[in-house]
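First up is the structure itself, then whatever we jot down about it.
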Ligand code: AMP
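In our numbering, the protein residues as written are 3 to 198.
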């Protein structure tokens, strides 16, 4: 059982057009607060990022923002965070997010969200960390991505055991429960001697 004290949430700096996604994002912020799990995220008060943080803080949760200096004005920082870490650049931001978090959840978002999800899952595939990575598939937003991952397995570009690194659910509590019980497969192809 993983003791998740902090979870990094990757999600859109935009709010999107689906109210179910906004509601679910706020629910995640609330659940993190209720479970006493610190929110680690990009530090913005805009978009889905802001929705999660505002809900978490509004329910007496703890939220830590990590943002590179050059993005501070563009993403419009949330001024009421428990801690705001300013990094030199995007690379340092992601490294810090990884170091400070016991797990990762991806909500709907754009290019930035996808980049963050795939970098963190690649680090797991390489054995650089063994933390649970979840994707909240609200209203089927990630159906096509999940189908793509299965296609990658079917066509031999992705090992089934690496595909299994991504935990998915449509329900916040159920996703968090799965992440708590996630057991990493330490026999990943990247860790086997014949591949080194
Ligand atoms: P988006 O999903 O594009 O709205 O972006 C969500 C978050 O990802 C924001 O905090 C962005 O700063 C961040 N982001 C955008 N582009 C990148 C990138 N190339 N690498 C890492 N993070 C990014």
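Each residue gets a CB set at the ideal place from its N, CA and C atoms; glycine is no exception. Computed from a prediction, not measured in an experiment: that's the story for all the values here.
For residue i, write down the residues that DSSP places opposite it in a beta bridge.
{"i": "residue 65", "result": "41"}
{"i": "residue 11", "result": "107"}
{"i": "residue 168", "result": "135"}
{"i": "residue 54", "result": "The partner list for residue 54 (beta bridge, DSSP) is empty, contrary to what the question assumes."}
{"i": "residue 70", "result": "89"}
{"i": "residue 79", "result": "46"}
Below 6 Å CB to CB, which residues in the same chain sit around residue i once its five sequence neighbours on both sides are set aside?
{"i": "residue 31", "result": "54, 57 and 58"}
{"i": "residue 170", "result": "137 and 139"}
Name the two residues that bound the continuous beta strand (DSSP E) containing residue i.
{"i": "residue 138", "result": "135-138"}
{"i": "residue 101", "result": "No beta strand (DSSP E) contains residue 101, which is instead part of the alpha helix (DSSP H) from 92-102."}
{"i": "residue 89", "result": "85-89"}
Can you give me the Cβ contacts of residue i inside the same chain, cut-off strictly under 8 Å, excluding the 5 residues immediately before and after it?
{"i": "residue 71", "result": "88, 89 and 90"}
{"i": "residue 22", "result": "140 and 141"}
Going by beta carbon distance, what residues of the same chain come within less than 7 Å of residue i, once the five residues before and after it are set aside?
{"i": "residue 198", "result": "Caution applies to residue 198, whose pLDDT of 41 falls short of 50 and renders its modelled position unreliable; the model cannot decide the point."}
Taking the alpha helix (DSSP H) that residue i belongs to, which residues open and close that run?
{"i": "residue 114", "result": "113-127"}
{"i": "residue 30", "result": "21-36"}
{"i": "residue 152", "result": "145-156"}
{"i": "residue 16", "result": "From DSSP, residue 16 is part of no alpha helix (DSSP H); its letter is neither H nor E."}
Against chain C, with Cβ distances strictly below 7 Å, would residue i count as a contact?
{"i": "residue 98", "result": "This model lacks chain C altogether; it includes just one protein chain."}
I want to know whether the region 145-152 touches the region 171-188 - three or more CB-CB distances under 8 Å.
The region 145-152 is not in contact with the region 171-188.
Do the region 104-112 and the region 123-142 make contact, defined as three or more Cβ pairs closer than 8 Å? As far as the Cβ criterion goes, the region 104-112 touches the region 123-142, which means the pair count is three or higher.
(request) Flag this pair as touching only if the region 158-172 and the region 41-55 have three or more C-beta atom pairs under 8 Å; answer yes or no. (result) No, the region 158-172 is not in contact with the region 41-55.
Q.
For the structure I just gave you, are there three or more beta carbon pairs, one from the region 112-126 and one from the region 12-20, closer than 8 Å?
A. With a cut-off of 8 Å, the region 12-20 and the region 112-126 count as touching, because enough Cβ pairs lie within range.
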